[in-house]
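J.: Before I ask anything, let me first share the structure, which is written out below as structure tokens.
This is the structure in structure tokens:
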């Protein structure tokens with residue numbers, strides 16, 4: 006990207022562009038993890054789900070393009086990504102609820118399994134170019150190609166922005182939302198209410214994995230818009246930290262995702278104006294930020310505000 | 002753990018042999034089920050499962066040369082596994098193995114490059130090992146300290162520390178530590194050949210394997226046979242009871258995390274001093290994450306870790322052959338690892354559930 010024409014203005018523009026482009030996967034994965042953790046389980050395996058989603062979205066988009074056209078093929082890919090994610094979620098949901106099975110260990114196993122499957126089936130799709138999701142070009146008014154590129158917004162990102170407040174409402178105001186929160190806070194109490202914690206957690210993990218799969222589709226069908234084995238830079242693992250950062254609140258997940266997407270763009274933005282001395286350290290910004298915030302807000306005396314009561318406890 | 006009371010309530014008839022057998026049967030059965038599932042997967046992918054089994058066996062354990070490849074890979078695995086296994090005995094789930102390995106590698110190379118060939122090789126190697134262990138140990142100790150003093154979840158913080166360590170590595174080899182004469186990829190300068198970690202006589206296996214086995218045996222002794230280990234296990238069993246009993250839980254947390262991290266740091270030193278000889282991004286080759294797998298499969302027992310590491314080292318060593326002779330992608334090995342891990346985790350939930358393995362309780 007040539008930003009000489011914009012000079013130093015390229016830095017905030019680059020960060021803005023990176024935020025709009027890079028927060029979509031964070032948003033979907035963190036919303037997915039949020040649903041999962043609200044029910045009292047942790048899914049570290051969303052990294053594998055994300056990769057599997059990215060691969061299946063790209064593959065389905067590429068393979069179905071000849072028959073359904075370049076407009077619908079990527080959307081079919083998005084659906085496939087969600088369904089693949091949900092399948093992996095079912096495995097995690099079932100296994101992590103067996104007695105004496107640790108959900109963190111299951112998550113690591115699912116990362117290995119999911120990324121293995123994604124690389125295995127994704128090998129033929131590394132070369133060909135799959136049709137991409139159409140974007141809203143809100144920068145068409147500008148003659149500057151940087152601004153045009155920055156304001157090319159994905160409909161998936163807008164969908165994610167809509168899902169966040171919907172989830173907020175879902176948890177606060179619906180019967181099903183209450184079930185999820187009850188199971189997450191106290192499975193015993195939920196059982197007394199006549200709710201099956203197993204079933205609620207299973208459905209929550211599957212729904213969360215569906216969203217995480219779509220997060221993968223954001224990567225392969227929007228930005229960076231290719232399928233490679235290094236497409237994910239740990240967004241799936243980061244989601245766990247991000248949800249803590251957002252205090253298990255879906256709307257705050259949105260802000261946190263934008264912050265992380267923006268933080269991820271700091272390094273490349275500085276590089277684009279020729280400052281690349283601390284490129285990698287800037288890239289570590291989201292991780293350092295999360296750690297600092299956790300250090301500042303945690304306390305050994307009490308659990309975090311908003312934390313589901315039964316989170317991470319063995320049943 | 003209510004089921005264990007079944008066997009202990011009432012008198013047992015004769016020697017209790019069924020329960021130890023169960024502890025051997027379940028992991029083996031899990032492995033067999035994993036092999037069957039993986040065979041089905043290969044068949045679906047169009048490869049002959051028995052051919053694939055044969056190739057994996059040949060590439061992992063089929064010849065002395067294959068054994069050497071396997072053991073070279075097993076060495077860092079058994080060390081990184083301790084980074085999860087030791088804190089697990091204290092009830093902590095640490096997954097910062099990759100970061101501790103990277104920090105250990107950085108510590109070792111920084112010291113190794115500044116020593117050059119000024120010291121006798123053995124002294125230089127020991128100093129590098131200590132530097133790696135201290136660097137990796139402090140890195141994980143940070144996660145333990147944050148846990149104890151600030152209540153920060155150690156799983157998340159150690160995970161974040163991985164990314165920070167890798168970023169630090171990339172920063173250093175792109176900038177301050179970069180050797181401009183090495184063009185293949187951004188790397189540090191090479192260690193002086195005099196202080197490379199040598200190989201066992203007559204083999205390609207480096208001394209890292211000995212380090213790994215010795216450290217695992219020491220770790221087993223420390224956890225199972227010392228007061229320190231007993232205190233750590235007590236804390237892992239019930240932290241409140243440990244505090245009431247007056248155990249220094251904070252110091253234990255820091256010490257155990259330091260020891261775990263230093264094992265992974267030593268793995269970094271071994272990789273740098275025996276395999277890569279310089280430091281660059283290829284140090285980040287998933288030995289850390291695979292180490293977590295080894296720890297859980299070995300059920301956090303340092304001696305079992307050695308065996309599981311050899312097994313996984315064999316699986317890793319067979320990656321290339323599957324591509325060459327069966328036209329399967331490299332990632333097949335990753336799928337296999339995933340299936341094995343999932344099956345072993347599930348088998349854990351079956352302890353005490355299979356009727357045949359229950360000791361007969363004498364009635365009346």
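Chains as they are written, first to last, in this note's numbering: chain A, 6 to 320; chain B, 2 to 365.
Backbone N, C-alpha and C define an ideal beta-carbon position, used for all residues, glycine too.
Helix, strand or coil: which one does DSSP assign to residue 235(A)?
T.: Coil.
J.: Rounding to the nearest angstrom, what Cα-Cα distance links residue 100(B) and residue 156(B) in this structure?
T.: Roughly 13 Å separates the two Cα atoms.
J.: Express the C-alpha separation of residue 79(B) and residue 309(B) in angstroms, rounding to a whole number.
T.: Taking the straight line joining both Cα atoms gives about 8 Å.
J.: Quick check: does the Cβ of residue 233(A) come within less than 7 Å of any heavy atom belonging to the ligand GDP?
T.: Annotation note on the ligand GDP: not contained in the displayed structure, which lists no ligands.
J.: Roughly how many angstroms separate the alpha carbons of residue 261(B) and residue 229(A), rounded to a whole number?
T.: Residue 261(B) and residue 229(A): Cα-Cα distance of roughly 38 Å.
J.: Between the beta-carbon of residue 79(A) and the beta-carbon of residue 220(A), is there less than 8 Å?
T.: Going by C-beta atoms, residue 79(A) is not nearer than 8 Å to residue 220(A).
J.: Nearest CA to the CA of residue 24(B): which residue from 268(B), 189(B), 300(B)?
T.: Among 268(B), 189(B), 300(B), the Cα nearest to that of residue 24(B) is on 300(B).
J.: Could you run through the region 170 to 181 of chain B and flag, in chain order, every residue whose CB is less than 7 Å away from some CB of chain A?
T.: Result list: 171, 172, 175, 176.
J.: Would you check if there are 3 or more beta carbon pairs closer than 8 Å linking the region 201 to 208 of chain A to the region 88 to 101 of chain A?
T.: In short, these stretches touch, since the Cβ pair count reaches three.
J.: Would residue 330(B) be called buried (16 or more neighbouring beta carbons within 10 Å of its own) or exposed?
T.: Label assigned to residue 330(B): buried.
J.: Chain B partners of residue 304(A), CB-CB under 9 Å?
T.: Simply 151, 152.
J.: Rounding to the nearest angstrom, what Cα-Cα distance links residue 324(B) and residue 34(B) in this structure?
T.: The straight-line gap from Cα to Cα measures roughly 23 Å.
J.: What runs of the alpha helix (DSSP H), each 4 residues or longer, lie entirely inside the region 75 to 154 of chain B?
T.: Counting whole runs of 4 or more residues, the region 75 to 154 of chain B contains the alpha helix (DSSP H) stretches 98 to 116, 122 to 151.
J.: Are any of the Cβ atoms in chain B nearer than 8 Å to that of residue 104(A)?
T.: Closer than 8 Å: yes.
J.: Can you pull the chain B residues whose beta carbon is under 8 Å from the beta carbon of residue 109(A), in chain order?
T.: Residues of chain B passing the Cβ test: 94, 96, 156.
J.: The alpha helix (DSSP H) spanning residue 279(B) covers which residue range?
T.: Careful: residue 279(B) lies outside any alpha helix (DSSP H) and carries neither H nor E.
J.: Using the three-state DSSP reduction, which class does residue 12(A) fall into: helix, strand or coil?
T.: It is helical.
J.: Note the first and the last residue of the continuous alpha helix (DSSP H) segment covering residue 206(B).
T.: It is not in any alpha helix (DSSP H) - residue 206(B) carries neither H nor E in the DSSP assignment.
J.: Could you tell me whether the Cβ atoms of residue 91(A) and residue 214(A) are closer together than 8 Å?
T.: In contact: residue 91(A) and residue 214(A) (Cβ atoms closer than 8 Å).
J.: Just the C-alpha distance for residue 360(B) and residue 17(B), rounded to the nearest angstrom, thanks.
T.: Whole-angstrom Cα-Cα distance: 7 Å.
J.: Roughly how many whole angstroms lie between the Cα atoms of residue 164(A) and residue 88(B)?
T.: Answer to the nearest angstrom: the Cα atoms are 42 Å apart.
J.: Quick one, are the C-beta atoms of residue 1(B) and residue 314(B) less than 8 Å apart?
T.: Residue 1(B) cannot be examined here, being either before or after the span of chain B that is shown, 2 to 365.
J.: Just the C-alpha distance for residue 239(A) and residue 222(A), rounded to the nearest angstrom, thanks.
T.: Approximately 15 Å, taken between the alpha carbons.
J.: Count Cβ pairs between the region 10 to 23 of chain A and the region 192 to 206 of chain A that sit closer than 8 Å; are there 3 or more?
T.: Result no; under three Cβ-Cβ pairs closer than 8 Å.
J.: When the cut-off is 8 Å and only beta carbons count, does residue 86(A) lie next to chain B?
T.: Not an interface residue.
J.: Need the endpoints of the alpha helix (DSSP H) that residue 91(A) sits in, please.
T.: It spans 51 to 100 - the alpha helix (DSSP H) in which residue 91(A) sits, taken as one unbroken run.
J.: Please go through the region 207 to 240 of chain B and give each complete beta strand (DSSP E) segment of 3 or more residues, from N-terminal end onward.
T.: Runs of the beta strand (DSSP E) inside the region 207 to 240 of chain B: none found.
J.: By the criterion of Cβ-Cβ separation under 9 Å, what are the contact partners of residue 296(A) in chain B?
T.: Neighbours of residue 296(A) on chain B, chain order: 147, 153, 157, 158, 161, 162, 165.
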